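Written out below as structure tokens is the structure these notes cover.
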Amino acid sequence: PFCKARSFTALIQNHIIKLEQGTYQVCNDQIELFPIKNIPTAITRGVKIQASPLFIPERSSVFPIEGIPISHSYFWAYRIHMSMDEKEPPHRKCKLSSRYWRIEDGTGNIEEVRGAGVIGKFPAMYPGANFVYESCCPLPTSTGSMQGSFQMVLQSTQEVFDAEVPKYDFFVPPMEVEIDEKIV
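Residues in the sequence shown are numbered from 919 upward in steps of one, following the numbering used here.
This is the structure:
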């Protein structure tokens, strides 16, 4: 859930509650808002890909103003974590060459995106490797989904294969109602 805070203090109090409940975690001295539990995961030829979406209300038009046309009024960030278990054999070493995304909005409209690398990078996967990146996806609807694949090239044979990126859903979480702050 996201919280529409009446003040900065109320927002911080909400984050403290989420930390105590384990909803958020602290990573590298920062509060981590991306979900880390029960996230979509796929493994293809030893390449593990996890996808974690996060609704960004600050960049969204959750309550559109009547008479003003809004395109892409809902905004999500997503985190992709690619890894290869250290126990995988060395011949599985591969490198990402391109990406394919299938993005579907809440009305069933589909957009396909293809391109070289991810965020300008071409990460290599080898036993023990990890690569994490974040990007974003605007949609004109409050729900949708994204899935796809990363084209990988085996370094030993130059064989090409598609590593699955699991489907992950975009949705606007319920808004939490907060208690008014006491003024002292």
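Yeah, the Cβ is synthetic: ideal placement off N, Cα and C, and Gly gets one too.
Only a predicted model underlies this, so the values are computations on that prediction, with no experimental measurement involved.
Test item: CB-CB of residue i and residue j under 8 Å
i: K966; j: S1001; result: yes
i: E1082; j: S1067; result: yes
i: R868; j: F993; result: Past the boundaries of the shown model lies residue 868; the chain is included only from 919 to 1102, so the question cannot be answered.
i: I1028; j: A995; result: no
i: E1006; j: G964; result: yes
i: V1045; j: A969; result: Going by the sequence as given, residue 1045 is Pro instead of Val. Cβ atoms of P1045 and A969: not closer than 8 Å.
i: F1079; j: T962; result: yes
Residue i - DSSP class collapsed to helix/strand/coil
i: T927; result: helix
i: R1032; result: strand
i: I1097; result: Since pLDDT at I1097 reaches only 47, below the 50 mark, its modelled position is unreliable, and the value read off the structure follows with that caveat. Coil.
i: K1039; result: strand
i: N956; result: coil
i: Q1073; result: coil
i: L1014; result: strand
i: K1005; result: coil
i: I1021; result: strand
i: P975; result: helix
i: E938; result: helix
Top-ranked residue by Cα proximity to residue i, from the options
i: E950; options: P958, T941, I957 and N956; result: T941
i: P958; options: Y1086, T1025 and V1090; result: Y1086
i: K1011; options: S979, S970, E1077 and A960; result: E1077
i: R1032; options: G1026, S1053, A960 and Q1069; result: Q1069
Anticipated Cβ contact below 8 Å, residue i with residue j, distance rounded
i: Q943; j: I954; result: 6 Å
Touching by the beta-carbon criterion (3+ pairs, under 8 Å), the segment 1034–1041 and the segment 1008–1025: yes
At least three beta-carbon pairs within less than 8 Å, the segment 1019–1026 to the segment 1050–1064: yes
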